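Per the numbering used here, the very first residue in the sequence shown carries number 1223; after that it's consecutive.
Every residue, glycine too, gets a C-beta built ideally from N, C-alpha and C.
For clarity, every value in this text was computed on a predicted model and none was experimentally measured.
Reading through the structure tokens given below for one structure.
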Amino acid sequence: MKLKLVCCLLLIVTSSSLAQQSREEKLEQLKNRDDIKVTEIEKDILRLEYPDGKVLIKNIADYQPQVSNIQHPVAYSPTYDSTIIDLTIIDTTLYYHKYSYWAEVPLHNWQFDHIMVGDVNNNGKAELYGPRKLFWSDFEPVTIYELNEYGNFDFTYQYDTVTKSRNIYDVDKDGLAEVHLSFGGSLGIPREQRFFSKNGQDSLATELNFIFAPYTLQSQLNDLELSDLDGDEFTDLLYVRALEPDIHIYEYNPTINNFDSIYQFNVYEDPPWANAGFSIADFDLDGKTDMVFGTGKGAVYVLENEGDNQYSNSWLGLVETNHAYVHTWSDDIDGNGKPEFWVLGDAFYNGQAVTRITIFETDGNNSYKVVGRIDLIGVFSFYAGTMQAVDIDDDGIDEVAVCIDDNFLILRFNGSPNHHKYEVYYIKQNELAAAGENSVYYGATVYDLKDNGEINLLISMDHIIQNITGRRFTQIYKPDSTSSVNENDFIPNTNKLYQNYPNPFNPATTINFHLTEIEDVSIKAYNILGKEIKLLLYDNLPAGEHTVQWDGKDDKGNTLPGGVYFIQMTAGKYRQTIKTILLK
């Protein structure tokens, strides 16, 4: 049944992508979910309460430019570059071959987040951390799955009561990493940040060390970041307190084995307050750590360290969007010697949904300017919202991975110094959602799980059945072996896989290919998820013309539904893929 569901929707995804949704349709989408409580606290201002207790403020009215004395209000301008990508019409089949399905784990990390990855027990095998939810089961606490030597992920450990994974960090500087998890969220239950320690270099962190709970009443802490912000060798904890105007920095105190309050900054906007972030680096190149975060009304703040436990509000700017909640930073993508920080928000502009990314660089001490902007047309998200800068293709330049609404895409720089232009390197859209199923992306991360130089994609999502129950899981994708190499290096002109005939086909099709010398040959059929569904041929064949037929069935003899499929031939270093359509 699962296979039938996925394959039926493939033609829809590739031909028309995910359709543009109006404000009314987005609200109807929320009403069809029993896991989110929606309250309109004033006209067009929604308070969204998620199952983990997280609360988010979203403005669904058309964007109205702010009348403000904030520095650097922005618009489309010849002084910087704008990239526009329409996600409602993009052809995802142009990108499918870069990554193929690898594995799935029954872990997630709630809305606007991704599962946590690490190697806490130092055995060279990646661990995945997140709460678990199976079909027809209750939500379970944070669970660990570990990569085994066969490339699968095994259940390893489950914590008691904690509901969200946060950080892996050596808080007390003893050479052993702590695991930071959260507990609580229900009305009247204080939220606790629980820190678990190891009993040795080769163990998991399963022993409760200490609990950080600065508020007696239930209070949501967002975007908790652990770092040594002031360089004094003590761990700092930076966070946003939701629905309050304050940002906090605490510092670890070994005397009490907990965190002490060091700094509080209040945001001066009208309530309801909504702040989020962070990006952390020395963005103005003055030797001091900067911390960037954004607000629901599009303000962007930079806090700067001024010495031991000393901080100041060093800059205030504005992006031309609401919900400036999603942040990352890149290490000098355009090669002009300056790092960039990225701010993502979304809004409706004359009824059209747009997710807007604004890129900043320094233009002097404690001063920043807009150097680029990327508009993703057709996206306004109540769910996923993650952004991460990583050198994915190993060329020395960061790419930026974005998961927003039901889209995961990788943006690659194709500009020049001081000219920020970007192209889509890869995109994957939620096939379940496109088929009308009740499914959403939560967020994504990219990580080298095998520590072999190949970056994997981990996309967290759910699948709800009849608004009653469902599962939450993370799908993992691996790069195709040809994705980072010039295709011509792998396809000699002398070998050839020809387009199948007929195409489209029903019920069968013929595949012809040519070899110039004796080779071990495999021909496989894949669905659009990159998952192998049928081995059509595996044999040692002589040079010459050869033929194989496919009857439109999978390797278990089941007749496949109509949709888009791919046929791949491998012979030595030769590899080629063609697209075919099965009509039913």
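Bridge partners of residue i, per DSSP?
i, result
"Y1796", "A1793"
"F1602", "F1602 is not bridged to any residue."
"N1444", "V1462"
"W1551", "F1563"
"P1353", "V1364"
"W1772", "T1731"
"Q1532", "G1529"
"H1319", "Partner(s): none; H1319 has no beta bridge."
"S1589", "G1586"
"A1623", "Q1610, I1632"
"I1337", "BP columns for I1337 are empty, so no partner."
"P1701", "Y1321"
"R1595", "S1304, T1580"
"K1778", "DSSP lists no partner for K1778."
Given residue i, which residues of its chain have a CB within under 8 Å of its CB, disregarding the five upstream and five downstream residues?
i, result
"Y1272", "D1257, I1258, L1278, W1332, Q1333"
"N1587", "D1506, D1508"
"V1646", "I1307, I1312, Y1317, L1631, I1632, L1633, R1634"
"V1601", "L1309, D1568, A1575, V1576, T1577, I1626, D1627, N1629"
"N1344", "Q1423, D1424"
"I1803", "L1233, N1725, P1726, F1727, G1784, G1785, V1786, Y1787"
"L1805", "P1726, F1727, N1728, G1784"
"D1670", "E1676, I1677, N1678"
"E1455", "K1395"
"W1324", "G1373, N1678, I1698, Y1699, K1700"
Which whole-angstrom value is the C-beta distance of residue i and residue j, which I expect to be below 8 Å?
i, j, result
"I1740", "L1758", "Between L1758 and I1740 the Cβ distance is about 19 Å, and since that is not below 8 Å, they are no contact."
"Y1474", "T1457", "4 Å"
"V1327", "L1350", "6 Å"
"I1677", "P1701", "7 Å"
"S1387", "M1338", "4 Å"
"D1303", "G1637", "6 Å"
"L1448", "L1430", "Not quite, the Cβ-Cβ distance comes to about 17 Å (not below 8 Å), so this is no contact."
Tell me the residue span of the beta strand (DSSP E) that contains residue i.
i, result
"E1528", "1521-1529"
"L1369", "1362-1369"
"D1684", "1678-1687"
"Q1574", "1574-1586"
"H1470", "1468-1475"
"A1666", "1663-1669"
"N1389", "1386-1391"
"F1505", "Element bounds for F1505: n/a, residue is neither H nor E."
"F1434", "1429-1434"
"Y1171", "The requested residue 1171 is not part of the displayed model; the chain covers only 1223 to 1806."
"Q1610", "1607-1612"
"Y1754", "At residue 1754 the sequence reads Glu, which differs from the Tyr that was named. Unbroken beta strand (DSSP E) run through E1754: 1754-1763."
"L1403", "1400-1405"
"N1749", "1741-1749"
"E1659", "Counting along the chain, E1659 falls outside any beta strand (DSSP E), and DSSP gives it neither H nor E."
"R1416", "1414-1419"
"V1342", "It is not in any beta strand (DSSP E) - V1342 carries neither H nor E in the DSSP assignment."
Counting along the chain, where does the alpha helix (DSSP H) carrying residue i start and finish?
i, result
"L1249", "1245-1253"
"A1496", "Careful: A1496 lies outside any alpha helix (DSSP H) and carries neither H nor E."
"E1653", "1653-1656"
So, at 6 Å on beta carbons, what are the nonlocal neighbours of residue i in its own chain, with the 5 sequence-adjacent residues on each side left out?
i, result
"M1791", "L1719, F1735, I1745, Q1798"
"C1230", "Reliability fails at C1230, whose pLDDT of 32 lies under 50, so the model's placement of it is uncertain and the value that follows must be treated cautiously. The residues are P1783."
"V1524", "D1512, V1514, S1536, W1537"
"A1464", "V1277, Q1442, N1444"
"K1420", "L1398, A1427"
"V1624", "M1609, L1631"
"S1583", "Checking the displayed sequence, the identity of residue 1583 turns out to be Glu instead of Ser. For E1583, where only same-chain residues beyond five positions count, the Cβ hits under 6 Å are K1560, E1562, V1593."
"Q1721", "I1800"
"I1581", "E1562, W1564, V1593, G1594, H1642"
"I1433", "E1414, R1416"
"N1488", "P1467, D1468"
"K1672", "none"
"N1660", "I1686"
Among residues of its own chain, excluding the 5 on either side of residue i, which ones have a beta-carbon nearer than 7 Å to its beta-carbon?
i, result
"S1706", "In this prediction, S1706 scores a pLDDT of 40, lower than 50, which makes its location untrustworthy; no coordinate-derived value is stated."
"G1675", "D1616"
"I1555", "E1562, I1619, D1620, F1635"
"P1729", "D1773, G1774"
"A1503", "D1512, W1551, P1561"
"R1354", "P1328, L1329, E1362, T1365"
"S1244", "G1573"
"Y1760", "S1744"
"R1694", "H1330, K1355, D1684"
Measuring only from the beta carbon, is residue i closer than 7 Å to any heavy atom that is part of the ligand ZN?
i, result
"G1692", "As for the ligand ZN, it is missing from this structure, which has no ligand bound."
Query raised in the report: Would you call the stretch 1349-1366 and the stretch 1375-1383 in contact, with 3 or more CB pairs under 8 Å?
Result: As far as the Cβ criterion goes, the stretch 1349-1366 touches the stretch 1375-1383, which means the pair count is three or higher.
Query raised in the report: Would you call the stretch 1281-1288 and the stretch 1665-1676 in contact, with 3 or more CB pairs under 8 Å?
Result: Output reads no: the stretch 1665-1676 does not touch the stretch 1281-1288.
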